[in-house]
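Asker:
There are 2 protein chains.
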Amino acid sequence: MADWKSLAQEKRDANAQKIPPLWRLPSSLTSSLTSSSTTNVLSIPLTCGVLSDHEITITSAYDATELVKLLATGELTSLEVTTAFCKRAAIAQQCVNCLTEIFFEEAMERAKECDEFLKREGKVMGPLHGLPISLKDSFNVKGVASTIGYISFLSHPPKAANGALIDLLFRAGAVFYVKTNLPQTMMTADSDNNVFGRTLNPHNLSLTAGGSTGGEGALLAMRGSVLGICTDVAGSARIPAVCNGLSSFKPTAGRIPFAGNTPPGRLGSPSAVLPGIGPMGHSVRDFELFLRTVIDAQPWTVDGHVLNVPWRRVEAPAVKKGLRFGLIRGHPKRPLHPPVARILHSACMALKSAGHEIVLLDDRIPDLYESAILAWKYFLLDPQKTAVKHVNASGEPWVPSMATSSFTELAGWEASLDELFGMNMQRAKVVNGYHNLIVGEKLDAVIMPGYQATAVPHDIYGMPLYTVLQNLLNYPAGILPFLKAEKKLDEPFFKKDVVYEPAYNAETFEGLPGTVQIMGKPMEDEELVEILMVIEAILGKVS
Amino acid sequence: MADWKSLAQEKRDANAQKIPPLWRLPSSLTSSLTSSSTTNVLSIPLTCGVLSDHEITITSAYDATELVKLLATGELTSLEVTTAFCKRAAIAQQCVNCLTEIFFEEAMERAKECDEFLKREGKVMGPLHGLPISLKDSFNVKGVASTIGYISFLSHPPKAANGALIDLLFRAGAVFYVKTNLPQTMMTADSDNNVFGRTLNPHNLSLTAGGSTGGEGALLAMRGSVLGICTDVAGSARIPAVCNGLSSFKPTAGRIPFAGNTPPGRLGSPSAVLPGIGPMGHSVRDFELFLRTVIDAQPWTVDGHVLNVPWRRVEAPAVKKGLRFGLIRGHPKRPLHPPVARILHSACMALKSAGHEIVLLDDRIPDLYESAILAWKYFLLDPQKTAVKHVNASGEPWVPSMATSSFTELAGWEASLDELFGMNMQRAKVVNGYHNLIVGEKLDAVIMPGYQATAVPHDIYGMPLYTVLQNLLNYPAGILPFLKAEKKLDEPFFKKDVVYEPAYNAETFEGLPGTVQIMGKPMEDEELVEILMVIEAILGKVS
Chain A
1 MADWKSLAQE KRDANAQKIP PLWRLPSSLT SSLTSSSTTN VLSIPLTCGV LSDHEITITS
61 AYDATELVKL LATGELTSLE VTTAFCKRAA IAQQCVNCLT EIFFEEAMER AKECDEFLKR
121 EGKVMGPLHG LPISLKDSFN VKGVASTIGY ISFLSHPPKA ANGALIDLLF RAGAVFYVKT
181 NLPQTMMTAD SDNNVFGRTL NPHNLSLTAG GSTGGEGALL AMRGSVLGIC TDVAGSARIP
241 AVCNGLSSFK PTAGRIPFAG NTPPGRLGSP SAVLPGIGPM GHSVRDFELF LRTVIDAQPW
301 TVDGHVLNVP WRRVEAPAVK KGLRFGLIRG HPKRPLHPPV ARILHSACMA LKSAGHEIVL
361 LDDRIPDLYE SAILAWKYFL LDPQKTAVKH VNASGEPWVP SMATSSFTEL AGWEASLDEL
421 FGMNMQRAKV VNGYHNLIVG EKLDAVIMPG YQATAVPHDI YGMPLYTVLQ NLLNYPAGIL
481 PFLKAEKKLD EPFFKKDVVY EPAYNAETFE GLPGTVQIMG KPMEDEELVE ILMVIEAILG
541 KVS
Chain B
1001 MADWKSLAQE KRDANAQKIP PLWRLPSSLT SSLTSSSTTN VLSIPLTCGV LSDHEITITS
1061 AYDATELVKL LATGELTSLE VTTAFCKRAA IAQQCVNCLT EIFFEEAMER AKECDEFLKR
1121 EGKVMGPLHG LPISLKDSFN VKGVASTIGY ISFLSHPPKA ANGALIDLLF RAGAVFYVKT
1181 NLPQTMMTAD SDNNVFGRTL NPHNLSLTAG GSTGGEGALL AMRGSVLGIC TDVAGSARIP
1241 AVCNGLSSFK PTAGRIPFAG NTPPGRLGSP SAVLPGIGPM GHSVRDFELF LRTVIDAQPW
1301 TVDGHVLNVP WRRVEAPAVK KGLRFGLIRG HPKRPLHPPV ARILHSACMA LKSAGHEIVL
1361 LDDRIPDLYE SAILAWKYFL LDPQKTAVKH VNASGEPWVP SMATSSFTEL AGWEASLDEL
1421 FGMNMQRAKV VNGYHNLIVG EKLDAVIMPG YQATAVPHDI YGMPLYTVLQ NLLNYPAGIL
1481 PFLKAEKKLD EPFFKKDVVY EPAYNAETFE GLPGTVQIMG KPMEDEELVE ILMVIEAILG
1541 KVS
């Protein structure tokens, strides 16, 4: 058996070959693009000469909602849109190492099929007709591998069938062209593994792109994709949005089909903390398009474990005079970096100015840190430690970020069936705490940070207190980009008497995109999407 | 500390005192009403002289839907309706021992409040204005005990608050007047415990009234209630409907709020087999009234663990030309008694004649017996064996039916966290099996028995294969009454080469009511209610 390094190198070499020679960047450029460089590579797709002006427009100027309109009317063909995104994804890959599987040729064939269908039938295949969509590596695509970054999975044959969600999207007209990078075991926030290596943040290569859907985050920021599909059990759809300045949405668990993916650990967990599958991208209306398309397609028929609940058409709360937002400003153990505190403050000011109300919840919620520890216990339930076995099976080492991806409080902790009953009661108490606040205060949603910082240097992201909460509660949540770290403006928000973790240094973070997180009510994914659109419009007016 | 027998006697004596002297039956009559008598007591309320003709009409002639109409228009007052049901419940109690808590005086006061509200405000309190509703003992009512048949719970103070569901029903205008009997631990099908004793079947006192909501079953059969509320984790809302010839409905878990009840075991179980709360009564439209009323009242606001999903208004499939029903005719280890086989056959013939299709599933479903064993494992997860502790706390003995209420295959079986992962995977396989059949065959519902027999003698009901399945799957299901055991007609369905369990003897079961069970699709409670109404109408035309 070959050693793990040569197996990985073989896979990486094969991947590199899948980028057509004409789309390759000169090594004079790529050789400087390392994880220790602070370079911002966002403009490379525009300047490298691989994309035509038209292709730059296609990939830069539209969101998915606009693209499917242009595709449906025939103003754009799927082939030209797909080609443009394949090219830009290829550039992104060479800059930030965001892809795991590349299947440009199959995508072009599929795009042609879409174009011919439209021409022949005079109608679209479905609501996503001809639209390229990128996928986290864990989604199974027929004929494509799902190694999810385990060396031991390199020997698995290509997948024999599409996952349930992938099939639905395909039938709705989607074009698949790439799968994207993720962390070893999917349980760290650095998308780094021994098969594909580390994904870098396009805003600053020395920073993390987040995880576990970090490949999507970096690809979307590079506009090598217009819409990416993520899983999220502790923030995996939201952390990369935070790190790359994007929008994302984690629905209530069970609304989007989960069947037929490749899981990083053991199936059958009795965990009460459930994964959600959601989109990452550039506009909230794209998320509505995605969620409506999938749920209108009756996903229960292809996954008996999905919640058999229709997508409701709700009245836009935009017409409501005043929404009521709870506000959570963080936990003393993970105080907000000055830019995050300022950006959250600014968002609240903007919402207030637009006639909405803010209710401070800081001292009224169950302890956020304790809630995160509780959530983490659920991730440690498997007595067989299956994810560890997957790593050990090949002799590959742990990636560096694993060292900062556990609670020291849980060192040596072993789950038991008896304790699981207790954990469920503790969880019920946390759920009741938020429930009573939301109902008692008649809140429409809660605004809070997605993380205590913007993107941070590699391997020090730590525990995702602010995103795992919504998985513990099983409440939907979204991330919206807003403003940037600006040293001068941030300074008044600096506190001398707190310990920032990760450490805060204004220079490191200057200019990085900011975000806010909005948490909705369970099963009210429809309402949360509408609320996010209201906020998106308000924040969009603030520069 | 007093011994358990005298504690129980004290409680029973106090209960007896709550029946007003004028409503008491002569001991010359009641002394013959024992668990070994084969008497049918259904006519006693009509002949005993306690109820006026008007009260007999009120309690006999209407379903809940009709009663709330008459109450809303003022044609009947809540006081006269409540009085009539209190009287008839008092008679039922003296015949079949179905009640645990009696609060007639409080009910009358509440009824007067309803009447005064209607008079004063010119409108109803809510959709259940003035309607008496009976409750399984496990539902908490403010100021009333919830001993659920444990001697050790006799020392608990009366409940300080209504359970979430009870509060919702109260706000909708309901009048509570009695709580009803259930089995020790709620995990046998004989409603027998050491506090209140055994509930008898009004069709034949020597037979079981079923369980765990057996008190409701007997009370409803006696028409001492028009609508009863049940819990169901293995058939508890359906087994008593089978035994007493009633209708009942177990919704998808989580649709009706469960918070604030008194559980028989430990809370916090990671079990994948979840309880549903549902109604038992005389018409399917009453179930629609109940479900719509509760879910329209936004139960998520009072129970953060309820599924926050609205009650959809669906088109009656009555207009559909042909519904497709799967048919399950039982498992070789529990063959259907001749009357049950004939009644199921007759129901299918009636559906076919009405233009609906039947698809035989017998050999295509996962093994029913194995599925039931799997479900039972989930009930045995608690390492602390909390229900056993509740029994042992007082020194009370086990009731006789406990001896037949476990799988011999599980003797000595102890749960482990590792096995729980495996159980969840096994469950997923079973769910997928049914899912693929239902989707693949485009079935609207599945028709099957609720039990292999009609009501059977006390303490031999055994394991509820045919009702625990829907809890394992978390599919909604309903029971509809249909025909009766008739020796002559049943004879052709007798099979010489099978072992009936419990034993079949045509004489024992002659004249007992029959039922069929209809299983719907998960979360399609709305559709199942409509389908049940279609079937109810068809079966109603067959005598």
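Going down the list, the sequences are from chains A and B. In terms of the numbering used here, the first sequence has 63 at position 63, counting the first letter as 1, and numbering is strictly consecutive. In terms of the numbering used here, the second sequence has 1081 at position 81, counting the first letter as 1, and numbering is strictly consecutive. Positions of the beta carbon are idealized from the N, C-alpha and C atoms, including for glycine. Bear in mind that the values here come from a model prediction, so they are computed numbers and not experimental data.
State buried or exposed for HIS1120(B), treating a residue as buried only when at least 16 other CB atoms are found within 10 Å of its CB.
Answerer: In the second sequence, residue 1120(B) corresponds to position 120, counting from 1. Sequence check: residue 1120(B) is Arg here, not His. Looking at its Cβ environment, which holds fewer than 16 other Cβ atoms inside 10 Å, ARG1120(B) is exposed.
Asker: For a test of the three-state rule: what should DSSP assign to TYR150(A), helix, strand or coil?
Answerer: In the first sequence, counting from the first residue as 1, residue 150(A) sits at position 150. Coil.
Asker: What residues in the segment 175 to 196 of chain A have a beta carbon less than 9 Å from any beta carbon of chain B?
Answerer: From the segment 175 to 196 of chain A, no residue has a Cβ closer than 9 Å to chain B.
Asker: Identify whether ILE1256(B) lies in helix, strand or coil by the three-state DSSP scheme.
Answerer: Counting from one through the second sequence, the residue named residue 1256(B) turns up at place 256. ILE1256(B): coil per DSSP, three-state reduction.
Asker: Tell me the rounded alpha-carbon separation between TYR500(A) and GLY511(A).
Answerer: As a working note, residue 500(A) is residue 500 in the first sequence. As a working note, residue 511(A) is residue 511 in the first sequence. About 19 Å.
Asker: Helix, strand or coil for PHE1407(B) per DSSP?
Answerer: Counting from one through the second sequence, the residue named residue 1407(B) turns up at place 407. Correct three-state label for PHE1407(B): coil.
Asker: What number of angstroms, rounded off, separates the C-alpha of LYS488(A) from the C-alpha of GLU507(A)?
Answerer: Here residue 488(A) refers to the residue found at position 488 of the first sequence. Here residue 507(A) refers to the residue found at position 507 of the first sequence. Answer to the nearest angstrom: the Cα atoms are 11 Å apart.
Asker: Per DSSP, MET1280(B) forms a beta bridge with which residues?
Answerer: Counted from its first residue, the second sequence places residue 1280(B) at position 280. Its beta-bridge partners are GLY1228(B) and SER1248(B).
Asker: Kindly indicate the opening and closing residues of the beta strand (DSSP E) around ALA477(A).
Answerer: Locating residue 477(A) in the first sequence gives position 477, counting from the first residue. From DSSP, the beta strand (DSSP E) with ALA477(A) extends over 477 to 484.
Asker: Thinking just about the alpha-carbon of each residue, which of ASP362(A), PRO332(A) and ASN392(A) is nearest to the one in TYR434(A)?
Answerer: Within the first sequence, residue 434(A) is the residue found at index 434, counting from 1. That would be ASP362(A), whose Cα lies nearest to the Cα of TYR434(A).
Asker: Starting from TYR1504(B), trace the beta strand (DSSP E) both ways and give me its first and last residue.
Answerer: For the purposes of this step, residue 1504(B) is taken as the residue at position 504 of the second sequence. Note, TYR1504(B): premise wrong, no beta strand (DSSP E); not H, not E.
Asker: Which of the three DSSP states, helix, strand or coil, is assigned to MET519(A)?
Answerer: Within the first sequence, numbered from 1, the residue matching residue 519(A) stands at position 519. Three-state result, MET519(A): strand.
Asker: In chain order, what residues of the same chain have a beta carbon less than 8 Å from the beta carbon of ASN1244(B), not counting five sequence neighbours either side?
Answerer: As a first step, residue 1244(B) is located in the second sequence; it is residue number 244 there, counting from the start. Contacts found: ASN1201, PRO1202, HIS1203, ALA1209, GLY1210, GLY1217, ALA1218, LEU1220, ALA1221, ALA1455 and PRO1513.
Asker: What residues in its chain sit with their C-beta under 8 Å from that of ILE1438(B), if we drop five residues either side in the sequence?
Answerer: Taking the first residue of the second sequence as 1, we reach residue 1438(B) at position 438. So the qualifying residues of the chain are GLY1326, VAL1446 and LYS1521.
Asker: Along the chain, which unbroken stretches of the alpha helix (DSSP H) at least 4 residues long are found entirely within the segment 34 to 108 of chain A?
Answerer: Qualifying alpha helix (DSSP H) stretches, in chain order: 44 to 47, 53 to 60, 64 to 73 and 78 to 96.
Asker: Can you tell me which of ALA1350(B), TRP1311(B) and ARG1313(B) puts its alpha carbon nearest to the alpha carbon of GLY1322(B)?
Answerer: Residue mapping note: residue 1322(B) aligns to position 322 of the second sequence, counting from 1. Ranking the options by Cα distance to GLY1322(B), first place goes to ALA1350(B).
Asker: What are the residues of the segment 1431 to 1454 of chain B that lie near chain A, defined by any Cβ-Cβ distance shorter than 7 Å?
Answerer: Taking 7 Å as the Cβ-Cβ cut-off against chain A, the residues of the segment 1431 to 1454 of chain B that qualify are VAL1431, ASN1432, HIS1435 and VAL1439.
Asker: Can you give me the start and stop residues for the beta strand (DSSP E) that VAL175(A) sits inside?
Answerer: The residue labelled residue 175(A) in the question sits at position 175 within the first sequence. Looking at the DSSP string, the run of the beta strand (DSSP E) that includes VAL175(A) is 175 to 180.
Asker: Which two residues bound the contiguous beta strand (DSSP E) that contains THR1188(B)?
Answerer: The residue labelled residue 1188(B) in the question sits at position 188 within the second sequence. That residue, THR1188(B), is in no beta strand (DSSP E); it is neither H nor E in DSSP.
Asker: Just tell me which of LEU1472(B), GLU1396(B), LEU1473(B) and PRO1366(B) has its CA closest to the CA of LYS1005(B).
Answerer: Position 5 of the second sequence holds residue 1005(B). It is GLU1396(B) whose Cα lies nearest to the Cα of LYS1005(B).
Asker: Mark GLN517(A) as exposed unless 16 or more other C-beta atoms lie within 10 angstroms of its C-beta, in which case mark it buried.
Answerer: Locating residue 517(A) in the first sequence gives position 517, counting from the first residue. Per the 10 Å Cβ criterion, buried.
Asker: Here's the rule: buried if 16 or more other CB atoms are within 10 angstroms of the residue's CB, otherwise exposed. What is ASP313(A)?
Answerer: Within the first sequence, residue 313(A) is the residue found at index 313, counting from 1. Asp is not the amino acid found at residue 313(A); the sequence shown has Arg there. With fewer than 16 Cβ atoms within 10 Å of its Cβ, ARG313(A) is classed as exposed.
Asker: For the pair the segment 148 to 167 of chain A and the segment 364 to 373 of chain A, tell me if three or more CB-CB distances fall below 8 Å.
Answerer: Counting Cβ pairs under 8 Å, fewer than three are found: no touch.
Asker: If you follow the alpha helix (DSSP H) that VAL1391(B) is in, where does it begin and where does it stop?
Answerer: On the second sequence, residue 1391(B) is found 391 positions in, with the first residue counted as 1. VAL1391(B) -> alpha helix (DSSP H) spans 1386 to 1392.
Asker: Looking at chain A, is there any beta carbon in it that lies within less than 7 Å of the beta carbon of PHE1258(B)?
Answerer: Residue numbering aside, residue 1258(B) sits at position 258 when the second sequence is read from its first letter. No, PHE1258(B) lies away from the interface with chain A (no Cβ there is under 7 Å from its Cβ).
Asker: Just checking, does the segment 1051 to 1069 of chain B make contact with the segment 1279 to 1293 of chain B on the three C-beta pairs under 8 Å criterion?
Answerer: Result yes; three or more Cβ-Cβ pairs closer than 8 Å.
Asker: Can ALA1241(B) and ILE1479(B) be called in contact, C-beta distance under 7 Å?
Answerer: The residue you call residue 1241(B) lines up with position 241 of the second sequence. The residue you call residue 1479(B) lines up with position 479 of the second sequence. Yes, these two residues count as a Cβ contact at 7 Å.
Asker: Taking a contact to mean a Cβ-Cβ separation below 7 Å, would you say GLU1414(B) touches ILE1373(B) in this structure?
Answerer: Counted from its first residue, the second sequence places residue 1414(B) at position 414. Counted from its first residue, the second sequence places residue 1373(B) at position 373. Not closer than 7 Å, so no.
Asker: Where does ASN1140(B) sit, in a helix, a strand or coil, going by DSSP?
Answerer: For the purposes of this step, residue 1140(B) is taken as residue 140 along the second sequence, with counting starting at 1. Residue state, collapsed to three classes: coil.
Asker: Answer with buried or exposed for ASP13(A), where buried requires no fewer than 16 other C-beta atoms within 10 angstroms of its C-beta.
Answerer: Within the first sequence, residue 13(A) is the residue found at index 13, counting from 1. ASP13(A) should be labelled exposed.
Asker: Determine the closest residue to ALA485(A) out of ASP190(A), GLN452(A) and ALA107(A), with distance taken between C-alpha atoms.
Answerer: Along the first sequence, one-based indexing puts residue 485(A) at 485. Checked all of ASP190(A), GLN452(A) and ALA107(A); the closest Cα to ALA485(A) is GLN452(A).
Asker: Report the rounded CA-to-CA distance for LEU1070(B) versus LYS1377(B), giving the unit in angstroms.
Answerer: Taking the first residue of the second sequence as 1, we reach residue 1070(B) at position 70. Taking the first residue of the second sequence as 1, we reach residue 1377(B) at position 377. About 47 Å.
Asker: Since THR1301(B) meets chain A, which of its residues come closer than 8 Å, beta carbon to beta carbon?
Answerer: For the purposes of this step, residue 1301(B) is taken as residue 301 along the second sequence, with counting starting at 1. Residues of chain A passing the Cβ test: VAL439.
Asker: Taking all protein chains shown into account, decide if LYS1136(B) is buried (16 or more other Cβ within 10 angstroms of its Cβ) or exposed.
Answerer: Working through the second sequence from its first residue, we reach residue 1136(B) at position 136. LYS1136(B) comes out buried.
Asker: Can you list, in chain order, the residues of its chain whose CB lies under 6 Å from that of GLY260(A), leaving out five sequence neighbours each side?
Answerer: Working through the first sequence from its first residue, we reach residue 260(A) at position 260. These residues qualify, in order along the chain: ASN140, GLY163 and ALA164.
Asker: Going along the chain, which residues of its own chain have a beta-carbon closer than 6 Å to the beta-carbon of ILE58(A), five neighbours each way excluded?
Answerer: To locate residue 58(A), count along the first sequence from 1; it is residue 58. Correct list, in chain order: VAL81 and ALA84.
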